[in-house]
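Here is the structure we will look at, set down as structure tokens.
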Amino acid sequence: MVEVAAERGKQLSSRVSEEGAGWACAQIGTFDQLRPHRKGFSWLNPATLWRSRNEVLATLFGDPSGQVRERWVKAQEARGIDREFRIKPPVGGNFSFLLLGDTGEGDASQYAVVPGMLKLGEGTAFAVIASDVIYPTGSGNEYGDKFFRPYQEYDAPIYAIPGNHDWYDGLGGFMRVFCDAPPLKPTPDRGLRGLLWRRPETIDEDRLAEARALRGRPSQQAKGPAAQPGPYWAIESESLLIVGVDTGIRNVIDRDQTAWLRRVSLDPRPKILVTGKPIYTGNEYKPSPLEEGGTIDDIVRDPAHRYVAAIGGDVHNYQRYPVELDDGRVIQYVVSGGGGAFMHATHTIERVDVQGVHEDAFKCYPLRGDSLSFYSQLYAKRLRMRWLCLTPAEAACIMTERIKNEPVRTPAGPVRITLRMRWAARLLGAWPWPLRLPVDRVFHRYLSELSDWDTPPFFKQFLHATVTPQELTLRCFAATGCLGQELNPPLEDEVRIDLTR
Numbered sequence: 001m002v003e004v005a006a007e008r009g010k011q012l013s014s015r016v017s018e019e020g021a022g023w024a025c026a027q028i029g030t031f032d033q034l035r036p037h038r039k040g041f042s043w044l045n046p047a048t049l050w051r052s053r054n055e056v057l058a059t060l061f062g063d064p065s066g067q068v069r070e071r072w073v074k075a076q077e078a079r080g081i082d083r084e085f086r087i088k089p090p091v092g093g094n095f096s097f098l099l100l101g102d103t104g105e106g107d108a109s110q111y112a113v114v115p116g117m118l119k120l121g122e123g124t125a126f127a128v129i130a131s132d133v134i135y136p137t138g139s140g141n142e143y144g145d146k147f148f149r150p151y152q153e154y155d156a157p158i159y160a161i162p163g164n165h166d167w168y169d170g171l172g173g174f175m176r177v178f179c180d181a182p183p184l185k186p187t188p189d190r191g192l193r194g195l196l197w198r199r200p201e202t203i204d205e206d207r208l209a210e211a212r213a214l215r216g217r218p219s220q221q222a223k224g225p226a227a228q229p230g231p232y233w234a235i236e237s238e239s240l241l242i243v244g245v246d247t248g249i250r251n252v253i254d255r256d257q258t259a260w261l262r263r264v265s266l267d268p269r270p271k272i273l274v275t276g277k278p279i280y281t282g283n284e285y286k287p288s289p290l291e292e293g294g295t296i297d298d299i300v301r302d303p304a305h306r307y308v309a310a311i312g313g314d315v316h317n318y319q320r321y322p323v324e325l326d327d328g329r330v331i332q333y334v335v336s337g338g339g340g341a342f343m344h345a346t347h348t349i350e351r352v353d354v355q356g357v358h359e360d361a362f363k364c365y366p367l368r369g370d371s372l373s374f375y376s377q378l379y380a381k382r383l384r385m386r387w388l389c390l391t392p393a394e395a396a397c398i399m400t401e402r403i404k405n406e407p408v409r410t411p412a413g414p415v416r417i418t419l420r421m422r423w424a425a426r427l428l429g430a431w432p433w434p435l436r437l438p439v440d441r442v443f444h445r446y447l448s449e450l451s452d453w454d455t456p457p458f459f460k461q462f463l464h465a466t467v468t469p470q471e472l473t474l475r476c477f478a479a480t481g482c483l484g485q486e487l488n489p490p491l492e493d494e495v496r497i498d499l500t501r
């Protein structure tokens, strides 16, 4: 089924037509009947900013995530979990799974992903959420609408690694939901950080039990050796290991987790790393530092460890960097954070040349032109400045001129680029410019709401992975929110990886 859907999806994607990108949305998708129609959180609300203060405190006074993670792990070990954090689902050498990143806003952009995910997720062994399961602060009392309800019809277990937002609750909600862990006992933390640090919310157990019932079928439960042991883990199969790493708030890997990662990486099977922070993003190299020195990519690149891909969330779009190493191996470094939160722009990404990756080998979704066109239309409407508006064809031509690449999607007719278009593109961040509107991650905390929307196209995405003893196939499917793309999810990228080397 997935092979057929993939072939059909290639012809329906944003790389082929504007309709494939969702610009001509004849009918809104069925997701609109699935989502809750009550007002969610607002980043412009001072109460929300205060609840998410741990990010700022960790920057100013140091990130305690490593110490707290060690306490969670020791508490889990005391409960008798496997000390190597292994998950052993009942799969053989051939299986498939889904991967979503940055899911938990609980609004239209999250629910727009669900229909396509359910359709292509039929028969998959499990799903993985990579980073930020719950926005804004990881509370265990918000899992109903942001986790259990959207995925209630997905008929397999779901595992997760936490993102920085899940850590704003001290990981209390995450550990309770995924690992069935009781709360940690409070410990004193002296100084200003200890005085201001946000503690985990007390979980309403009746409310959580009601939410759990939405995913209460036996087939949806991870039990016994398949259960999630902690915030980091390794999913084992005959053909592949999927290694999940917890990057905390400030993206540093603590010593105990590093020692575990080194041990599990010695397993002779090929591996995928799943991490809360991507190693490559926005044409930059940003590997997670190890507390003991070095970076996580030192472990990934070691030929003895046989990593074939590293997939990170946190950035709300899709990017893929095929990096060729000196010994001829190629590791696929992927950003997959388009599972539910508002879109981070791709048109701000410079012409790609990081670590020798050629622009034509780089893949992203949304396409840079679609990203620029969307933000131009968004701000033209919100600011009532019609001159900012760029059609998808105009934006695509501007980005081709800016990046100097072959256009991914050829415009239907001739486009004349005017001075007005260039000024609009500069204000929207297509060129480095000191005065520009909020379009990227710099504005995430305080002005992201200006970039949020509840109508198609959403430019969301998820990954479908097929595993055999010989090959791993990663496919990026789009979710626009339009009914046509729900029925036939567009395939935006596909890569086949040899597992026999």
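Heads up, the sequence shown is in full-length UniProt numbering, so the first residue is 1 and it goes up one at a time.
Glycine is no exception: its CB is placed at the ideal position from the N, C-alpha and C atoms.
For residue i, the nearest candidate out of the options (CA to CA)
i: Q27; options: S288, P456, A396 and F148; result: P456
i: M343; options: E324, F362, M1 and D370; result: D370
i: R15; options: V334, N283 and E406; result: E406
i: residue 502; options: M175, V315, R199 and D298; result: This structure does not reach residue 502, given that the chain is present from 1 up to 501, and the question cannot be answered.
i: R255; options: I311, C179, G80 and R69; result: R69
i: W233; options: R262, I272, F97 and I87; result: I87
i: A6; options: I331, D493, I253 and Y111; result: D493
i: T247; options: S336, R320, S131 and Y143; result: S131
i: V357; options: H347, P287 and R320; result: R320
i: F458; options: A396, L378, T275 and A78; result: L378
i: L196; options: P183, L60 and R301; result: L60
i: A393; options: M421, L383, L491 and M385; result: M421
i: L241; options: P136, M399, A465 and L57; result: A465
i: T103; options: V91, V352, M117 and P90; result: M117
i: P414; options: G138, I253, T391 and V352; result: T391
i: K271; options: I235, Q257, T295 and I249; result: I235
i: D267; options: V243, Y285, G276 and K277; result: V243
i: M385; options: R416, P188, Y365 and W423; result: W423
i: C397; options: A412, L388 and Q220; result: A412
i: D206; options: I296, V128 and N141; result: N141
i: Y318; options: A21, F462, N164 and W23; result: F462
i: P200; options: W260, N164 and L184; result: L184
i: S109; options: K74, V177 and W453; result: W453
i: L99; options: A47, R8, G276 and Y168; result: G276
Residues bridged to residue i [DSSP beta-bridge criterion]
i: V495; result: L474
i: L266; result: Answer is none; L266 lacks a bridge partner.
i: C364; result: Q319
i: T281; result: E284
i: R86; result: A234
i: S96; result: T466
i: Y143; result: Paired residue(s): none; Y143 is not in a bridge.
i: Q461; result: A478
i: A310; result: L273 and Y333
i: I158; result: A127
i: V243; result: A234 and L273
i: G101; result: A130
i: P289; result: T295
i: I28; result: C482
Beta-carbon contacts of residue i that lie in its chain and below 7 angstroms, excluding the five residues immediately before and after
i: A345; result: S371, Y375, G429, V439 and D440
i: L447; result: With a pLDDT of only 47 at L447, under 50, the local geometry of the prediction cannot be trusted, and no value is derived from it.
i: F443; result: Unreliable placement is indicated for F443, whose pLDDT of 46 sits below 50; the coordinate value is still reported in the next sentence. Correct list: empty, nothing qualifies.
i: E350; result: N283
i: M399; result: H347, R368, G369, L372 and A430
i: A125; result: P89, V91, F95, S96, F97 and A156
i: R402; result: A430 and W431
i: G20; result: L12, S13, S14 and P490
Residues of its chain near residue i, where Cβ-Cβ distance is below 8 angstroms and the 5 sequence neighbours each way are ignored
i: R436; result: R426, L427, L428 and G429
i: R445; result: Here R445 scores only 46 on pLDDT, less than 50, and its place in the model should not be relied on; the value that follows carries that caveat. Taken in chain order, the residues that qualify are W43, L49, S52 and E55.
i: R217; result: D155
i: A78; result: none
i: D63; result: G248, I249, R250 and V252
Supposed contact pair residue j and residue i - C-beta distance, whole angstroms, cut 8 angstroms
i: I161; j: P225; result: Not a contact, Cβ separation roughly 19 angstroms.
i: W72; j: L171; result: 6 angstroms
i: A479; j: V113; result: 4 angstroms
i: F174; j: G144; result: The pair is not a contact, with the Cβ atoms about 15 angstroms apart (cut-off 8 angstroms).
i: E486; j: T30; result: 6 angstroms
i: C476; j: Y333; result: Going by Cβ atoms, the distance from C476 to Y333 rounds to 14 angstroms, so no, they are not a contact pair.
i: D297; j: I279; result: 5 angstroms
Cutoff 6 angstroms; reference residue i; Cβ partners in own chain excluding five residues on either side
i: P469; result: G93 and S239
i: D107; result: G40
i: G101; result: A130, S131, G313, S336, G337 and G339
i: L245; result: For clarity, residue 245 is Val in the given sequence; the question names Leu instead. Cβ within range, chain order: Y232 and T275.
i: L483; result: Q27 and G29
message: Closer than 8 angstroms is the cut-off here; do at least three beta carbon pairs connect the region 116-127 with the region 34-42?
response: no
query: Does the pairing of the region 192-200 with the region 288-308 give three or more beta-carbon distances under 8 angstroms?
result: no
- request: Pair every Cβ in the region 400-418 with every Cβ in the region 312-329, then say whether three or more of these pairs are closer than 8 angstroms.
  value: no
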